[in-house]
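Trainee:
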Amino acid sequence: MTEDIREQWRDLVRRNCLRYDGPADGSCWVPELERAGRQQIHDIQSEKLSLAYRYLWQCSSFYRKKFEEAGLGPESIRGLEDLSRIPPTHREEWLEDQRQNPPWGTFSPLRHEDWLQRGWMFFSTSGTTAAFPRVFRHTTFDRDIWTYLGARGLYSMGIRRGDISINCFSYGTSVAFWGMHYSLSHMGVPVISGGGASTERRAMLIENYKPTVLMCTPSYSLYLGRAMQEAGMSPRDSSIRLVVASGEPGAGVPATKRRVEELWGAEMHDHFGCTEVAMPPLGYTCEFQVRRQDGPVETHIMEDVYIAEALHPDTFEPVPEGTPGILVVSNLYSEAQPILRYVMGDWITITTAPCGCGKTHKRAVGGLRGRHDKLIKIRGLMFFPAVIEDAIRCLPEVGDEFRVVIDRVDDMDQVVATVEPSGPWIDRDAKELRARVARALKGSLGIRVDVDVVSAGSLARAEFKADRLSDRRPKLAVNPSQ
């Protein structure tokens, strides 16, 4: 019986992979899905949700127990209207499951024999939020679906045959970068793997072999571009025409997007997801969004293979469209990881208004705003680290790197921002630069911030994910809806 449900699930996913081998037109890989009406999207999600639930019920002891404890039976979920009956899953539950059932846990419906016969790759989280990382196995079935879905997202960014990509992510056990690589291969786009190369060698690869697409974190795109300038090269005059960023907020931070695009003379796109819900991607930008001048960049959510919910962080009830909530995601395509209602924890504002590119799926306004556990409350005001980043990087006289330390002194929150001068400001008096940064931060945050100016180049450069804010106060739970 478990083999029957497993094959039913794979067959349903395959049947919904329309135009697997190539795009339909010049702007959309599979318009039958990406421009579908809301009712069609609803029907696709309902059919997949119902079968994914039964697949987990039969093949995952972790989820069967979780469903039973919620009062659910094997046929309780018949469509999207029943989604709220499924209890959310938190990462701490998976960690406990893995501790009790090492090394894989029991949350995945994947059997050991599936892994040995059709295993593709082992992935893990960074391990920064726990004593050991969460680990995940995926099959060749997952790989083949990833390549197709990833190609759809990259195609929407404007990547075409004739492009060449240089991927500057580390090719370790992180999930996203392998997905990008396989997706580009599916599209017929050559890849220069820069994962193990030094910054100097990556710059040389760009100069000599003329890739047109740069893939890296937003921080590293700035780092690499500045390194090229210091070596006498011009990133702006290079062959790069698209920067595809992942791992940090990028195109959704206006000042960072502007800096990257001015530095490279290229359009900046966002590609986001997470290891837990797999990564083909969940969210991606299109050409229309990155070129718009009338509002924040909005990232598309691939709704025929994901259900994305914006929920209140305390009640886990849906928030109205256009209202910030925390992101909860259901995976509707994976053999190894069809996870239902996983709490990603990023703040998101969802819109269903059609995009100017013609796609009808939901979009995240401004991309992912930041994780719920990274939301900061200072003197009664709440904001995300990206707000500080945007305020500082709006000032061309300030360098790319900065640090912010929040501490409590005499029962009062104190914020200190450390910045570097840029360009002609390098040799000028720091007093005026301190005043400019302080004004910009007060205008954005509504509070006074102390500013230190250090010599150019003295702050450590980020070559992967950057964490520029240090909060030394006792941790407080915060909620932007309060």
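Every letter in the sequence shown is one number past the one before it in the numbering used here, and letter 62, counting from 1, is 695.
Note that beta-carbon positions come from the ideal geometry of N, C-alpha and C, so glycine has one too.
(1) In whole angstroms, what is the alpha-carbon distance linking GLY795 and SER816?
(2) Taking 8 Å as the cut-off, does the segment 694 to 704 touch the segment 955 to 968 (at least 3 CB pairs, one atom from each stretch)?
(3) Going straight from the alpha carbon of SER741 to that of PRO887, what length do you get?
(4) With distances taken Cα to Cα, identify the nearest neighbour of ASP1100 among VAL1038, ARG1061, ALA1073.
(5) Just to confirm the assignment, what range does the alpha helix (DSSP H) spanning GLU708 have?
(6) What first and last residue would you give for the beta strand (DSSP E) that runs through TYR975?
(7) Per DSSP, what kind of secondary structure is ARG1012 in: helix, strand or coil?
(8) With DSSP as the reference, label ASN800 as helix, strand or coil.
(9) Leaving out five residues before and five after THR762 in sequence, what residues of the same chain have Cβ atoms less than 6 Å from its Cβ?
(10) Run through the DSSP bridge pairs and tell me what GLU900 is partnered with.
(11) Rounded to the nearest angstrom, how far is the Cβ of GLY991 from that of SER660, given a contact under 8 Å?
(12) Would the segment 830 to 845 and the segment 1076 to 1093 be scored as touching if the rule is three or more Cβ pairs under 8 Å?
(13) Assign ALA763 to one of three DSSP states: helix, strand, or coil.
(14) Count Cβ pairs between the segment 906 to 920 and the segment 852 to 870 that sit closer than 8 Å; are there 3 or more?
(15) Check this for me: beta carbons of ARG1094 and THR889, under 7 Å apart or not?
(16) What is the C-beta distance between LEU944 and GLU936, in whole angstroms, given that I count them as a contact (C-beta under 8 Å)?
(17) With respect to 6 Å, is the separation between the Cβ of GLU746 and the closest non-hydrogen atom of the ligand SAH below this value?
(18) Using beta-carbon positions only, say whether ASP903 and ALA878 come within less than 7 Å of one another.
(19) Pop quiz: LEU1014 and GLY1079 are said to be a contact at Cβ under 8 Å. What is the actual Cβ separation, rounded to whole angstroms?
(20) Measure from the alpha carbon of LEU857 to the alpha carbon of each residue in ARG835, ASP870, LYS843, PRO844, then state which is nearest.
(21) Looking at the secondary structure, which residues open and close the alpha helix (DSSP H) in which GLY783 lies?
(22) Counting only the same chain and skipping the five closest in sequence on each side, list residues whose C-beta sits under 8 Å from that of GLU881.
(23) What residue from GLU667, TYR686, THR1051, LEU1102 has the CA that sits closest to ARG974's CA?
(24) Between the C-alpha atoms of THR772 and PRO913, what's the straight-line distance to the nearest angstrom?
(25) Since HIS945 sits in a beta bridge, which residues does DSSP pair it with?
(26) Quick check on PRO1057: buried or exposed, where buried means 16 or more other Cβ atoms within 10 Å of its Cβ?
(27) Give the secondary structure of ILE839 by DSSP, where H, G and I count as helix, E and B as strand, and everything else as coil.
(28) For a test of the three-state rule: what should DSSP assign to ARG1094, helix, strand or coil?
(29) Please report how far the alpha carbon of CYS650 lies from the alpha carbon of ILE792, in whole angstroms.
(30) Report the residue from VAL646, GLY783, ARG924 whose alpha carbon sits nearest the alpha carbon of PHE905.
(31) Here's a check: name, in chain order, each residue in its chain whose Cβ is nearer than 8 Å to the Cβ of ARG1106, leaving out the five neighbours to either side.
(32) Only counting runs of 4 or more residues, tell me where the alpha helix (DSSP H) segments fall wholly within the segment 995 to 1062, in order along the chain.
(33) Going by DSSP, name the residue or residues bridged to CYS692.
(34) Could you have a look at ILE1080 and say whether DSSP puts it in helix, strand or coil?
(35) Around the C-beta of THR635, are 16 or more other C-beta atoms found within 10 angstroms, so that it is buried, or is it exposed?
Mentor: Taking the geometry as given:
(1) 15 Å
(2) no
(3) 38 Å
(4) VAL1038
(5) It is not in any alpha helix (DSSP H) - GLU708 carries neither H nor E in the DSSP assignment.
(6) 975 to 981
(7) coil
(8) strand
(9) At THR762 the pLDDT is 48, less than 50, meaning the model places this residue with poor confidence; the figure from the coordinates comes in the next sentence. The answer is none, since no qualifying residue turns up.
(10) LEU875
(11) 7 Å
(12) no
(13) Since pLDDT at ALA763 reaches only 49, below the 50 mark, its modelled position is unreliable, and no value is offered.
(14) no
(15) no
(16) Incorrect: roughly 17 Å between the Cβ atoms, too far for contact.
(17) As presented, the structure is devoid of all ligands, the ligand SAH included, so that no description of it is given.
(18) yes
(19) 6 Å
(20) ARG835
(21) 773 to 789
(22) THR850, PRO851, SER852, LYS1098, ALA1099
(23) TYR686
(24) 14 Å
(25) Partner(s): none; HIS945 has no beta bridge.
(26) exposed
(27) helix
(28) coil
(29) 20 Å
(30) GLY783
(31) ILE1039, ASP1040, ARG1041, ASP1046
(32) 1018 to 1026
(33) Paired residues: none, contrary to the question.
(34) coil
(35) exposed
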